[in-house]
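Going by the UniProt record's numbering, the sequence shown opens with residue 1, and the numbers climb by one from there.
All residues carry an ideal CB built from backbone N, CA and C; glycine is no exception.
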Amino acid sequence: MRDKSKLLAVLVLLLVALLGLLLFVSSKHIKPERVEPTPASRYETASAQTKEPDPAQVIACDSTPLHSPSNKNLTSAIQSIAADRGVMIEAAWLREDGSVERIGDQETLPAWSTAKVPLALAATDAGLGGQLSAQISLALRESDNEAANAVWNNLGTTDAERANAVTQVFRTAGDDTTVPSYRIRAGFSVFGQTEWDVHNQVDFLKKMPCLTGSGQVIEDMSNVSPGQRWGLGTLPDAVFKGGWGPDQYGYVVRQLGWYTGAEGRVPIAFAVRAADFGQGQSVLNQIAADLEAS
1 MRDKSKLLAV
11 LVLLLVALLG
21 LLLFVSSKHI
31 KPERVEPTPA
41 SRYETASAQT
51 KEPDPAQVIA
61 CDSTPLHSPS
71 NKNLTSAIQS
81 IAADRGVMIE
91 AAWLREDGSV
101 ERIGDQETLP
111 AWSTAKVPLA
121 LAATDAGLGG
131 QLSAQISLAL
141 RESDNEAANA
151 VWNNLGTTDA
161 ERANAVTQVF
171 RTAGDDTTVP
181 SYRIRAGFSV
191 FGQTEWDVHN
201 QVDFLKKMPC
211 LTGSGQVIED
221 MSNVSPGQRW
231 GLGTLPDAVF
241 KGGWGPDQYG
251 YVVRQLGWYT
261 GAEGRVPIAF
271 AVRAADFGQG
281 QSVLNQIAAD
291 LEAS
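Below, the structure is given as structure tokens:
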């Protein structure tokens, strides 16, 4: 009886060993199924790692992001200033969708010395940036009229040729503004009487960084003399040009350019018709103070 029990125990052990051997052999020949990630799972992984660009972002021609002034009530603020000060104001800036917001009177006013910006760009486009470097700097940094006239005279032998050279800068920037080919007002420059709307000026600022020789021009516009740093010139990192002159209703004072706001570069243009230059300057200081108001 004891021998039968021993035999049974041996048989059980052999059976267990045989089953173990079979399991070992089958594990070597059966490969686990490989699970490929689904297209959806691959997309989710990529999305988690890659930030999608904002399709609504507005950029300049050089890919610099552009922004609106922080003050979302700017239109009403400017209208209040105009009413309180008894002046006419035209202003333009970018909306969040990239279109231009333009407010104020619809009259297109003379550019005055803001026209020295495309004038300087006409010179750099003609390869005269180095030769006329001193004159361009004086025209932009100090609004020197003699220096600007020297730049103008180097653009051709007649006013019509010179006007065409500056007009071509506008066309390159997609601007339909045309420089007059003759002197409209005695005692004032031909180019300064160019009718350049504030709406067009903001569009021009978006394209300006990619125009030939713009680096030289922007450098000068970044270093305007202290005596002319009012309005836009009081704001951080201002790149700007002012212009002013008399008309039959008083005095027109203008500025165009950009500054660094709360979110980045903000292009903007103003034109004020005031009783005199001092009042126009004071109004532009008020507007500048309101641009980033919360």
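So what does DSSP say about residue i, is it helix, strand or coil?
i    : result
L109 : coil
K116 : helix
T178 : coil
E195 : strand
W93  : strand
L66  : strand
E263 : coil
I184 : coil
R102 : strand
Sort out for me which residues DSSP pairs residue i with in a bridge.
i    : result
V166 : V166 is not bridged to any residue.
P246 : Y251
M88  : R273
K241 : L256
How about residue i and residue j: do their beta carbons lie closer than 8 Å?
i    : j    : result
D276 : G242 : no
G215 : N285 : no
V166 : L119 : yes
E146 : L155 : no
A269 : V198 : yes
A91  : I78  : yes
V217 : V117 : yes
By Cβ distance below 7 Å, which residues in the same chain neighbour residue i in space, the five residues on each side in sequence not counted?
i    : result
G213 : L121, T124, D125, G129
Residues in its own chain within less than 6 Å of residue i by CB, not counting five upstream and five downstream?
i    : result
E101 : W93, R95
W244 : W112, V253, F277
T114 : K241, G243, R254, L256
E142 : S225
M208 : S214
A60  : L66, K206, P209
Can you give me the Cβ contacts of residue i inside the same chain, cut-off strictly under 8 Å, excluding the 5 residues immediately before and after it?
i    : result
N153 : R162
When you compare only the Cα positions, how much space is there between residue i and residue j?
i    : j    : result
N149 : V179 : 15 Å
Q131 : D97  : 41 Å
L235 : T158 : 39 Å
D176 : F170 : 7 Å
A83  : E219 : 36 Å
S222 : A238 : 6 Å
Can you confirm whether residue i, when its beta carbon is compared against all beta carbons of chain D, has any partner nearer than 8 Å?
i    : result
G233 : The chain inventory of the structure shown lacks chain D, comprising one protein chain alone.
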